[in-house]
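Engineer: Heads up: the sequence shown begins at 53 in the numbering used here, then just goes up one per residue.
Ideal Cβ positions, reconstructed from N, Cα and C, are used throughout, including at glycine.
A single structure is presented below for examination.
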Amino acid sequence: MIDRDRLERRGAELSRIAGRGTSVSRLGLSADEQQARELVGGWLAARGATVRRDAAANLFARFPGQGETILVGSHLDSVPEGGRFDGALGVLSAVEAVESLVDAKLRTRRPIEVVAWSDEEGARFGVGLFGSTAVFGRLAPGVGERRDRDGISIAEALRELGEQGDPAAARRDPKELAAYLELHIEQGPRLDTAGLALGIVSDIVGIYHARVTIRGRADHAGATVMTARADALAAASEVVLAVEQIAGERPDSVGTVGEIAVRPGAKNVVPGECVFSLDLRAARDHDGLVHEVLATLMSIASVRGVEVTVDDLARVPATPLDPAIRQVLERATKSVGVDAPLLVSGAGHDAQNPALSGVPTGMIFVRSTGGSHTPREFASIDDAALGAQALANAIKELAT
Ligand code: GLV
Ligand code: MN
Ligand code: MN
């Protein structure tokens, strides 16, 4: 049985690490994320798990057994000024689910490992799903040299934590794994609207992340006539609106420019350079969406006479999850009294990496309200406990 009070107490304890009120700013590969790993690792070590951190700063806590491993977890980092549940609830539920099996003295055959992936959000270095991408050998070459706003590279951040600085060394053979399970808050309104506590993920959208630099010409804001300008921000603004329009016209697609910086950045200077992010997602024809946006970007640049460079940060294809694991999750959610609907996830998840590497992978969504990536994000302890119990049931079925 899930210990609801323990789950609630630990959730509160975890959210105090880099938290203020309901807001959490626990960035990936930071000392705060490390403190969270120590807290979680401590809980599991106390229950007899072998706890280790790998070269990409992922935390693994292993209970031994025979054959391939059942891996279960989520991430401990957050976006800046994010909420208490995104990622954290998945790790807390995995811990609680596994502990409930230990409490029940259940003998499972397979090894069970709880994982807390590092830097899922990519908020600091721009590389999302970082830890799981490293473990499944999918990191882009040279990723260790990516830098945060203070000029600190990923390799330096890892060395600061006591690792060697080579995240690719975290690679594991996916054949070691029998299954990967992840519980996560839904982050959208569908379960709440349907009045259901739990859902099962069928697919995760394809995600493209890039950093675009537009170079125009900085000049005097008073002395430069309108026809003689190469305004990098004006060009970028046209791109922002094009992203909105293109994604809005394509089925199941979303597009966001969430970061923008202008140089030199003064009210009386025509912007010479503009750097902004692109986040493009689609459940269907993701490649078509990316292609259309990039082609439009190039044509806006050419008409305006500005230069563009596009730095690809990540491209994760749309990912179907495993049908057999889905059936396990259907049984597990039914056994806690929920007729869980199938949902497509518009958010990216670490589960994409094992799924794309051939590991049978499944996800449970827990009803959440207040949106996500904001301090308003909320999941009730009743729903969380129900989700953790379903997760425990699924682990039990897969591991025994
Ligand atoms: C992860 O939170 C994402 O950006 O989908
Ligand atoms: Mn998440
Ligand atoms: Mn997130």
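Can you list, in chain order, every residue whose CB sits closer than 5 Å to a heavy atom of ligand 5?
Structural biologist: Of the ligands this structure carries, namely ligand 1, ligand 2 and ligand 3, none is ligand 5.
Engineer: Restricting to runs no shorter than 4 residues, where is the alpha helix (DSSP H) found entirely within the stretch 73 to 97?
Structural biologist: Qualifying alpha helix (DSSP H) stretches, in chain order: 83 to 97.
Engineer: Could you check if residue 172 belongs to the surroundings of ligand 2, using beta carbon to heavy atom distance under 7 Å?
Structural biologist: Along the sequence shown, one-based indexing puts residue 172 at 120. Yes - ligand 2 has a heavy atom lying nearer than 7 Å to the Cβ of residue 172.
Engineer: So for residue 177, helix, strand or coil by DSSP?
Structural biologist: Within the sequence shown, residue 177 is the residue found at index 125, counting from 1. Coil.
Engineer: Closest by CA to residue 255, which one among 314, 377, 358, 148?
Structural biologist: Position 203 of the sequence shown, counted from the start, is the residue given in the question as residue 255. Nearest C-alpha to residue 255: 377.
Engineer: Counting C-beta neighbours from all protein chains within 10 Å, is the total for residue 158 16 or more, i.e. buried, or is it exposed?
Structural biologist: The sequence position of residue 158 within the sequence shown is 106, counting from 1. Exposed: under 16 other Cβ atoms inside 10 Å.
Engineer: What is the rounded straight-line gap between the Cα of residue 414 and the Cα of residue 281?
Structural biologist: As a first step, residue 414 must be located in the sequence shown, where it is residue number 362. As a first step, residue 281 must be located in the sequence shown, where it is residue number 229. For residue 414 and residue 281, the distance between alpha carbons rounds to 53 Å.
Engineer: From residue 234 to residue 442, what does the alpha carbon distance come to, in whole angstroms?
Structural biologist: By 1-based counting over the sequence shown, the position of residue 234 is 182. By 1-based counting over the sequence shown, the position of residue 442 is 390. If you take the alpha carbons of residue 234 and residue 442, they lie about 11 Å apart.
Engineer: Can residue 327 and residue 347 be called in contact, C-beta distance under 8 Å?
Structural biologist: On the sequence shown, residue 327 is found 275 positions in, with the first residue counted as 1. On the sequence shown, residue 347 is found 295 positions in, with the first residue counted as 1. For residue 327 and residue 347, no; Cβs fall outside 8 Å.
Engineer: Quick check: is any heavy atom of ligand 2 less than 7 Å from the C-beta of residue 100?
Structural biologist: The residue given as residue 100 occupies position 48 in the sequence shown. No, the Cβ of residue 100 stays beyond 7 Å of every heavy atom of ligand 2.
Engineer: Given that a residue counts as buried once 16 or more other Cβ atoms are within 10 Å of its Cβ, and exposed if not, what is residue 227?
Structural biologist: Taking the sequence shown and counting its residues from 1, the one referred to as residue 227 is at position 175. With fewer than 16 other Cβ atoms within 10 Å, it is exposed.
Engineer: So, does the CB of residue 347 fall closer than 8 Å to a CB anywhere in chain B?
Structural biologist: The structure shown has no chain B; it contains just one protein chain.
Engineer: Going along the chain, which residues of its own chain have a beta-carbon closer than 6 Å to the beta-carbon of residue 130, five neighbours each way excluded?
Structural biologist: In the sequence shown, the residue the question calls residue 130 occupies position 78. Correct list, in chain order: 76, 78.
Engineer: So which residues put a beta carbon under 5 Å from any heavy atom of ligand 2, going in chain order?
Structural biologist: 138, 139
Engineer: Taking 8 Å as the cut-off, does the stretch 386 to 399 touch the stretch 197 to 209 (at least 3 CB pairs, one atom from each stretch)?
Structural biologist: In short, these stretches do not touch, since the Cβ pair count stays below three.
Engineer: Tell me where the beta strand (DSSP E) around residue 160 begins and ends.
Structural biologist: Locating residue 160 in the sequence shown gives position 108, where the first residue counts as 1. No beta strand (DSSP E) holds residue 160; DSSP gives it neither H nor E.
Engineer: DSSP on residue 343, reduced to helix/strand/coil?
Structural biologist: In the sequence shown, counting from the first residue as 1, residue 343 sits at position 291. Looking at residue 343 - three-state DSSP - the assignment turns out to be helix.
Engineer: Here's the rule I'm using: 16 or more other beta-carbon atoms within 10 Å means buried, otherwise exposed. How should residue 420 be labelled?
Structural biologist: Here the question's residue 420 lines up with position 368 in the sequence shown. So residue 420 ends up on the buried side.
Engineer: Measure from the alpha carbon of residue 156 to the alpha carbon of each residue in 163, 148, 162, then state which is nearest.
Structural biologist: Position 104 of the sequence shown, counted from the first residue, corresponds to residue 156. Per the C-alpha coordinates, the member of 163, 148, 162 positioned closest to residue 156 is 148.
Engineer: So who's on the other strand from residue 234, going by DSSP bridges?
Structural biologist: Within the sequence shown, numbered from 1, the residue matching residue 234 stands at position 182. DSSP, once it has assigned bridges, lists 415 as partnering residue 234.
Engineer: Check whether the Cβ of residue 272 lies closer than 7 Å to any heavy atom of ligand 3, and answer yes or no.
Structural biologist: In the sequence shown, residue 272 corresponds to position 220, counting from 1. No, Cβ of residue 272 sits at least 7 Å from all heavy atoms of ligand 3.
Engineer: Look up residue 324 in the DSSP assignment and say whether it is helix, strand or coil.
Structural biologist: Residue mapping note: residue 324 aligns to position 272 of the sequence shown, counting from 1. Coil at residue 324, not helix or strand.
Engineer: Taking the continuous beta strand (DSSP E) assigned at residue 291, which residues delimit it?
Structural biologist: Counting from 1 along the sequence shown, the entry for residue 291 is found at position 239. Careful: residue 291 lies outside any beta strand (DSSP E), inside the alpha helix (DSSP H) at 284 to 301.
Engineer: Nearest CA to the CA of residue 335: which residue from 116, 322, 257, 59?
Structural biologist: Looking up residue 335 in the sequence shown gives position 283. Checked all of 116, 322, 257, 59; the closest Cα to residue 335 is 257.
Engineer: Between the C-alpha atoms of residue 344 and residue 297, what's the straight-line distance to the nearest angstrom?
Structural biologist: One-based indexing of the sequence shown puts residue 344 at position 292. One-based indexing of the sequence shown puts residue 297 at position 245. Each residue's alpha carbon lies about 11 Å from the other.
Engineer: Please name the residue in 265, 240, 152, 168 whose C-alpha comes closest to that of residue 113.
Structural biologist: Locating residue 113 in the sequence shown gives position 61, where the first residue counts as 1. Minimum Cα distance to residue 113 is reached at 168.
Engineer: Are the CB atoms of residue 122 and residue 252 nearer to each other than 8 Å?
Structural biologist: Numbered from its first residue, the sequence shown carries residue 122 at position 70. Numbered from its first residue, the sequence shown carries residue 252 at position 200. The answer is no: Cβ separation not under 8 Å.
Engineer: Pick helix, strand or coil for residue 215, following the three-state DSSP scheme.
Structural biologist: In the sequence shown, counting from the first residue as 1, residue 215 sits at position 163. Coil, per DSSP.
Engineer: Indicate, with yes or no, if ligand 3 has a heavy atom lying under 7 Å from the CB of residue 131.
Structural biologist: Within the sequence shown, numbered from 1, the residue matching residue 131 stands at position 79. It does: the Cβ of residue 131 is within 7 Å (strictly closer) of some heavy atom of ligand 3.
Engineer: Considering only residues of the same chain and omitting the five flanking positions on each side of residue 222, which have a CB-CB separation below 6 Å?
Structural biologist: Here residue 222 is taken as the residue at index 170 of the sequence shown, counted from 1. Cβ within range, chain order: 106, 107, 108, 186, 187.
Engineer: Assign residue 163 to one of two classes, buried (16 or more other C-beta atoms within 10 Å of its C-beta) or exposed (fewer than that).
Structural biologist: Counting from 1 along the sequence shown, the entry for residue 163 is found at position 111. Its Cβ being crowded by 16 or more others within 10 Å, residue 163 is buried.
Engineer: Go through the stretch 372 to 415 residue by residue and report every complete run of the alpha helix (DSSP H) that reaches 4 residues or more, in order.
Structural biologist: 375 to 386, 404 to 408
Engineer: Any contact of the stretch 134 to 148 with the stretch 235 to 247, i.e. 3+ C-beta pairs under 8 Å?
Structural biologist: yes
Engineer: So residue 63 is in the alpha helix (DSSP H); what residue range does that whole segment cover?
Structural biologist: One-based indexing of the sequence shown puts residue 63 at position 11. Annotation for residue 63: the continuous alpha helix (DSSP H) segment containing it runs 56 to 67.
Engineer: Does the stretch 381 to 390 touch the stretch 429 to 449, meaning 3 or more C-beta pairs lie closer than 8 Å?
Structural biologist: yes
Engineer: In terms of residues, what are the limits of the beta strand (DSSP E) holding residue 184?
Structural biologist: Here residue 184 corresponds to residue number 132 of the sequence shown, with the count starting at 1. Segment 182 to 187 is the alpha helix (DSSP H) holding residue 184; no beta strand (DSSP E) there.
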